[in-house]
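Peer 1:
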Amino acid sequence: MIDVSHQISAVQRTVGRRTLAAGEARVVTITQSYPGPVEDVWAACTNPERLPRWLLPVTGELKPGGHYQLEGNAGGTVESCDPPHAFAATWEYGGEVSWIEVRISAEGDGTRLRLEHIAHVDDERWAEFGPGAVGVGWDLSVMALARHLATGADVASEQTWMASAEGLRFMTDSSEAWCAASIAGGTDPAAARAAADRTTAAYTAG
-1 MIDVSHQISA VQRTVGRRTL AAGEARVVTI TQSYPGPVED VWAACTNPER LPRWLLPVTG
59 ELKPGGHYQL EGNAGGTVES CDPPHAFAAT WEYGGEVSWI EVRISAEGDG TRLRLEHIAH
119 VDDERWAEFG PGAVGVGWDL SVMALARHLA TGADVASEQT WMASAEGLRF MTDSSEAWCA
179 ASIAGGTDPA AARAAADRTT AAYTAG
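Numbering follows the numbering used here, with no gaps: position 3 of the sequence shown is 1.
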């Protein structure tokens, strides 16, 4: 049983902008704190034997300059790595290229993970779905990571949960949370609402 309300409220979400060499980009940031040491969270996020337990199987070279591929999902190139605190990589999916930057730091007795997903403003999925285009997926991922870190179990195989009433509520609440973050980040409320409605429909369609 997953406490949907607790997990949704445990995550911080922001939407902003950044200027890249190639032009203006939008930045989706998701942050969650976990019990346990930095080294354990780092290993869960970078060890190819642990990644399949909460995310997806990964192939390739997980080192600077290496190319990685998540099974059935994004691939890309590892651009930098500073163990056990940070890594950055391209995120290539559906013919589009964006970037992820992950920072892991000690926070009290636990660990704080901050992930930024950076996409050009002309990204087609962003235009249609807003930050929920990637945000809902990252919400599902940080939730799975929380469960894996708490139990050590393989939770990535529990795909049927997403089709359950609880799973559908989680994705709906996540989409709503990203809508609020988008408005707080300066998006026109009507446009943010329309994008969130499309995101919710895409994730919860039977």
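Here a beta-carbon is modelled for each residue, glycine too, at the ideal position from N, C-alpha and C. Since this is a predicted model, take the numbers as computed values, not measurements.
How big is the Cα-Cα spacing for A205 and E164?
Peer 2: For the chain, the structure presents residues -1 to 204; residue 205 sits outside this window and is missing.
Peer 1: How big is the Cα-Cα spacing for A72 and W124?
Peer 2: 16 Å
Peer 1: Does the Cβ-Cβ distance between E114 and T27 come in under 9 Å?
Peer 2: yes
Peer 1: Give me the residue from R16, T17 and A104 with the minimum Cα distance to E37.
Peer 2: A104
Peer 1: Roughly how many whole angstroms lie between the Cα atoms of G58 and W40?
Peer 2: 18 Å
Peer 1: Whose CA, out of C177, A148, P50 and A179, lies closest to the CA of T109?
Peer 2: A148
Peer 1: Could you check the C-alpha separation between T88 and A194 for me, to the nearest Å?
Peer 2: 25 Å
Peer 1: Spell out a yes or no on whether the stretch 3 to 20 and the stretch 49 to 69 are touching, meaning 3 or more CB-CB pairs, one atom from each, closer than 8 Å.
Peer 2: Segments in contact, no.
Peer 1: Using a Cβ-Cβ cutoff of less than 7 Å, which residues in the same chain neighbour G183 once the five nearest sequence positions on both sides are dropped?
Peer 2: T12, V13 and G14
Peer 1: Can I181 and A175 be called in contact, C-beta distance under 9 Å?
Peer 2: no
Peer 1: Roughly how many angstroms separate the alpha carbons of A142 and E122, rounded to a whole number?
Peer 2: 27 Å
Peer 1: Classify G70 as helix, strand or coil using the three-state DSSP reduction.
Peer 2: coil
Peer 1: Using the C-alpha atoms, what's the distance from W159 back to V76?
Peer 2: When only Cα atoms are considered, V76 and W159 end up about 31 Å apart.
Peer 1: State the start and end residues of the unbroken alpha helix (DSSP H) segment that holds A178.
Peer 2: A163 to A182
Peer 1: In three-state DSSP terms, what is S48?
Peer 2: The sequence given here has Arg at residue 48, not Ser. Three-state DSSP puts R48 in coil, outside helix and strand.
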